[in-house]
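A.B. asks: Respectively, the protein sequence lines represent chains A and B. First residue of the first sequence: 1, per the working numbering; consecutive thereafter. First residue of the second sequence: 1, per the working numbering; consecutive thereafter. From the three backbone atoms N, C-alpha and C, an ideal C-beta is built for every residue, glycine too.
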Amino acid sequence: MKKIILGLVAATAMCAPAFAQEVQPALLYDLGGKFDKSFNEAAYNGAEKFKTETGIEYVEFEVSNASQREQALRRFAEDGRNPIVMAGFSWAESLSKVADDYPDLKFEIIDMVVEKPNVRSVVFKEQEGSYLVGVLAAQASTSKKVGFIGGMDIPLIRRFGCGYVGGAKAAGATDVIENMTGDTPAAWNDPTKGGEIAKTQMDQGADVIYAAAGGTGVGVLQAAADAGKFGIGVDSNQNGLHPGKVLTSMVKRVDSAVYDAFMDAKNGKFEGGIQNLGLKEGGVDYAVDDNNKALITDAMKTAVEKAKADIIAGTVTVHDYMSDDKCPY
Amino acid sequence: MDFLDVVVNVLNSTVRLSVPLLLACLAGLYSERAGIFDIGLEGKMLAGAFAGAAAASVFGSAWIGLLIAILVAVFLALVHGFASITHRGNQIVSGVAINFIAAGSTIILGQAWFNQGGRTPSLPSDARFNAIVLPGADAVRDVPILGEIYSGLLSGHSLLVYLAFLAVPFTWWVLFRTRFGLRLRAVGENPAAVDTAGISVAWLRYRAVICTGILTGMAGSYMALAQNAGFVKDMTAGRGYIALAALIFAKWKPVPAMFACLLFGFLDAMAIRLQGTPLPVIGRVPVQLMQALPYILTVILLAGFIGKAIPPRAGGVPYVKER
Chain A
1 MKKIILGLVA ATAMCAPAFA QEVQPALLYD LGGKFDKSFN EAAYNGAEKF
51 KTETGIEYVE FEVSNASQRE QALRRFAEDG RNPIVMAGFS WAESLSKVAD
101 DYPDLKFEII DMVVEKPNVR SVVFKEQEGS YLVGVLAAQA STSKKVGFIG
151 GMDIPLIRRF GCGYVGGAKA AGATDVIENM TGDTPAAWND PTKGGEIAKT
201 QMDQGADVIY AAAGGTGVGV LQAAADAGKF GIGVDSNQNG LHPGKVLTSM
251 VKRVDSAVYD AFMDAKNGKF EGGIQNLGLK EGGVDYAVDD NNKALITDAM
301 KTAVEKAKAD IIAGTVTVHD YMSDDKCPY
Chain B
1 MDFLDVVVNV LNSTVRLSVP LLLACLAGLY SERAGIFDIG LEGKMLAGAF
51 AGAAAASVFG SAWIGLLIAI LVAVFLALVH GFASITHRGN QIVSGVAINF
101 IAAGSTIILG QAWFNQGGRT PSLPSDARFN AIVLPGADAV RDVPILGEIY
151 SGLLSGHSLL VYLAFLAVPF TWWVLFRTRF GLRLRAVGEN PAAVDTAGIS
201 VAWLRYRAVI CTGILTGMAG SYMALAQNAG FVKDMTAGRG YIALAALIFA
251 KWKPVPAMFA CLLFGFLDAM AIRLQGTPLP VIGRVPVQLM QALPYILTVI
301 LLAGFIGKAI PPRAGGVPYV KER
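1) Quick one: what's H157(B) bridged to in DSSP?
2) According to DSSP, is Y329(A) part of a helix, a strand, or is it coil?
3) Examine chain A for any beta-carbon lying closer than 8 Å to the beta-carbon of Q91(B), and answer yes or no.
4) Tell me the DSSP bridge mates of L277(A)?
5) Indicate the three-state DSSP secondary structure (helix, strand or coil) for F148(A) in the structure shown.
6) 8 Å is my cut-off, CB to CB: does T200(A) come that close to chain B?
7) By alpha-carbon positions, which one of L11(B), N130(B), W203(B), M218(B) ends up nearest to G28(B)?
8) Express the C-alpha separation of L215(B) and A83(B) in angstroms, rounding to a whole number.
9) So A186(A) contacts chain B; which residues on that side make the cut at Cβ distance below 7 Å?
10) Just how far apart, CA to CA, sit R141(B) and G278(A)?
11) G233(A) bridges to which residues according to DSSP?
12) For N237(A), I'd like the list of residues in its chain whose CB is within less than 8 Å of its CB, leaving aside the five on either flank, ordered along the chain.
13) Whose C-alpha, out of R253(A), V234(A), V258(A), A227(A), is nearest the C-alpha of K245(A)?
14) So M86(A) is in the beta strand (DSSP E); what residue range does that whole segment cover?
15) Sorted by chain position, which residues of the same chain lie with C-beta nearer than 6 Å to V114(A)'s C-beta, five sequence neighbours on each side aside?
16) Pick helix, strand or coil for E93(A), following the three-state DSSP scheme.
17) In the region 215-239 of chain B, which residues sit with their C-beta less than 7 Å from some C-beta in chain A, listed in chain order?
18) Near G166(A), which residues of its chain fall below 7 Å by C-beta distance, leaving aside the five closest residues on each side in sequence?
19) Whole-angstrom Cβ separation of Y29(A) and E60(A), contact assumed at under 8 Å?
20) Leaving aside the five residues before and after S141(A) along the sequence, list all residues of the same chain whose C-beta is less than 6 Å from its C-beta, in chain order.
21) Could you pull the start and end residues of the beta strand (DSSP E) that D175(A) belongs to?
22) Just to confirm, is the Cβ distance from I311(A) to E128(A) under 8 Å?
23) Closest by CA to L241(A), which one among F50(B), R119(B), I98(B)?
24) With H, G and I counted as helix, E and B as strand and the rest as coil, what does DSSP make of Q24(A)?
25) Which same chain residues end up closer than 8 Å to T216(A) when comparing Cβ atoms and leaving out the 5 residues on each side of it in sequence?
26) Let's see if you can read the secondary structure: which residues bound the alpha helix (DSSP H) around E271(A)?
27) Let me check one thing: in DSSP terms, what residues is E48(A) bridge-paired to?
28) Under a Cβ-count criterion, where at least 16 other Cβ atoms within 10 Å of its own Cβ denotes burial, should S200(B) be classed as buried or exposed?
29) So that I know if they touch, is there some Cβ in chain A lying closer than 8 Å to that of L17(B)?
30) Can you find a CB in chain B that lies within less than 8 Å of the CB of G150(A)?
31) For D111(A), does the three-state DSSP call read helix, strand or coil?
32) Just to check my reading of the structure: I210(B) and A292(B) have Cβ atoms closer than 8 Å, yes? What is that Cβ distance to the nearest angstrom?
33) Which residues does DSSP pair with Y29(A) in a beta bridge?
34) Quick one: measure Cβ to Cβ for D146(A) and V119(A), integer angstroms, because I've assumed they're closer than 8 Å.
35) When the cut-off is 8 Å and only beta carbons count, does A97(B) lie next to chain A?
36) For S18(B) and C25(B), I'd like the C-alpha separation in whole angstroms.
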């Protein structure tokens with residue numbers, strides 16, 4: 001009986017495109033790949049959640065080089081996929097070319113702003129989430145020196161770094177060592193170099209290291225765990241990678257951004273415009289689960305919750321690096 | 001932190017960063033000295049890294065991982081050999097093909113076997129090559145300078161690091177002191193002469209690419225089983241190409257190859273260390289410059305400023321017996 005029902009569900013899902021009002025969502029990942037345990041995986045999780053809840057299938061595409069972007073986007077648009085969600089700032093250029101040609105389709109881009117009537121741009125206030133993990137890092141550090149390792153050197157990643165420095169310094173860190181892995185997209189997938197940078201930072205005295213570097217971060221967290229120090233994950237909840245060795249993760253709700261886009265389109269409520277999601281909107285946060293509960297002491301919890309409340313209330317503003325390309329901390 | 005600590009840390013980092021380059025560079029040396037250009041070092045390292053990590057996670061043993069990594073890399077080297085020795089195909093094309101095969105198949109197989117998006121499960125520490133503490137390292141730690149160098153710099157690396165550096169004199173000995181080495185060099189310079197002497201050119205070249213396979217397998221294992229704890233897609237990140245640059249830089253000689261790799265590793269370590277820190281006198285050095293230096297040096301060398309790099313004369317030319 002269960003099989004029959006499952007079969008029926010599957011069949012319904014497959015016929016779905018036949019109904020005009022049904023959505024045919026599409027999701028495009030960025031370089032780094034679907035299962036990067038980080039940014040793209042969060043997007044995937046959001047889409048999967050939508051699929052299990054509604055039974056509506058979606059199509060997806062992973063780019064392997066930059067020249068595929070516009071082509072992939074156009075192909076989905078030609079197929080009438082709607083909405084088309086793009087995870088990653090690098091899609092902006094292709095999207096601004098394609099969006100005008102398909103005024104009836106709905107697009108969503110995550111991490112970048114593209115101002116078109118049929119595009120919803122979702123950006124996160126990463127500086128706010130990074131500020132919180134910075135507070136935790138400084139509190140957990142015994143040397144009061146903490147590290148930051150970014151992936152490719154771009155303003156977006158500098159924004160993570162800047163918020164982190166702000167939080168760490170506010171909570172008593174004396175020194176924040178900042179490194180970027182490289183200047184090319186290969187910097188998102190170089191765990192060896194990430195691990196090496198982490199070791200260098202630990203040699204310099206850092207004992208908590210925050211990695212905002214996609215796949216490179218895997219190497220950073222590994223090196224920190226090997227040395228008995230703490231790593232901090234990013235985008236997805238990475239606490240489970242090395243239980244007890246990952247202090248926390250700065251989670252960015254890319255999954256909800258994808259889920260909401262699909263859901264809104266399904267309910268006919270999809271609107272264009274800019275969504276800027278910070279702590280207040282629940283767009284970013286720090287992660288606590290069974291893997292790291294023991295690492296966060298009551299004092300740390302109090303401090304970080306206070307910082308969170310202050311930011312939400314507006315008494316503390318975290319500087320946005322991308323507003324003036326400077327970091328005042 | 002005092003100056004010596006900084007020096008030891010940077011040199012430590014240099015050693016770790018140069019080992020994969022060194023192994024790949026020596027691998028290329030065997031093959032290119034025998035007249036087979038090998039642009040597929042990158043692919044063989046990547047495949048070795050994947051195979052090593054996959055085997056180590058399934059069998060829970062770093063040694064089995066190393067063995068499988070070597071087998072897979074040797075297999076790919078033989079594919080390259082089959083195309084370019086037996087079938088006299090274009091060596092560059094076949095090498096590039098191997099890079100593509102490795103980049104694609106590791107992700108597909110990894111996804112099919114482990115369901116982690118081409119990543120292999122994170123390895124526990126007993127399935128990795130861990131740091132070895134040399135005898136007496138802890139005892140002499142407090143001896144000034146020498147103790148620091150012995151315990152901080154020489155001790156505390158994984159087994160593969162020591163093997164890589166031992167491979168340098170070994171390679172020198174094989175190439176310049178054994179009959180096999182003499183023939184190997186001859187086959188890269190003048191295969192017709194070797195053939196006239198009644199020695200099989202094809203078999204010699206096959207043996208050379210097998211050596212290449214073994215060393216690239218070790219390079220891949222080092223990355224996946226010692227530096228990291230598992231495989232991540234594209235984790236070699238172009239090191240196979242830098243190794244080729246080092247090989248040219250070293251003029252196809254084993255000992256200079258070691259220094260070239262150490263130099264490239266050192267530049268990398270300095271780039272990491274100096275990021276964002278201003279230096280006395282010169283001020284802030286752009287990291288991009290440090291990262292580009294290996295390539296700049298190679299180009300300068302190729303342009304003929306630091307002596308002349310002459311590749312083995314029969315390199316890249318398939319041997320055709322006259323009939």
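C.D. replies: So, from the listed chains and residues:
1) I132(B)
2) Here Y329(A) sits in coil by DSSP.
3) no
4) F124(A)
5) strand
6) T200(A) counts as touching chain B.
7) M218(B)
8) About 20 Å.
9) Per Cβ cutoff of 7 Å: A237, G238.
10) C-alpha separation (whole angstroms): 50 Å.
11) DSSP, once it has assigned bridges, lists S249(A) as partnering G233(A).
12) S249, V251, A287, D289
13) A227(A)
14) 84-87
15) Closer than 6 Å at Cβ, skipping near neighbours: A92, L95, S96, S121.
16) helix
17) M223, Q227, N228, A229, V232, K233, D234, M235, A237, G238
18) For G166(A), where only same-chain residues beyond five positions count, the Cβ hits under 7 Å are Y131, G134, V318, H319, Y329.
19) 7 Å
20) Within the same chain, S141(A) has close Cβ partners D207, V208.
21) 175-182
22) yes
23) Of the residues F50(B), R119(B), I98(B), the one whose Cα lies closest to the Cα of L241(A) is R119(B).
24) strand
25) I149, G151, T181, A187, W188, N189, D190, P191, K193, G194
26) Per DSSP, E271(A) lies in no alpha helix (DSSP H) segment and is marked neither H nor E.
27) Beta-bridge pairing links E48(A) to no other residue.
28) exposed
29) For L17(B), the answer is yes, since a Cβ of chain A falls inside 8 Å of its Cβ.
30) no
31) The answer is coil: DSSP assigns D111(A) none of H, G, I, E or B.
32) That pair is no contact at about 35 Å.
33) E62(A)
34) In the sequence under discussion, the amino acid at residue 146(A) is Val, which differs from the Asp named in the question. That pair is no contact at about 37 Å.
35) no
36) Cα to Cα, the separation comes out at about 10 Å.
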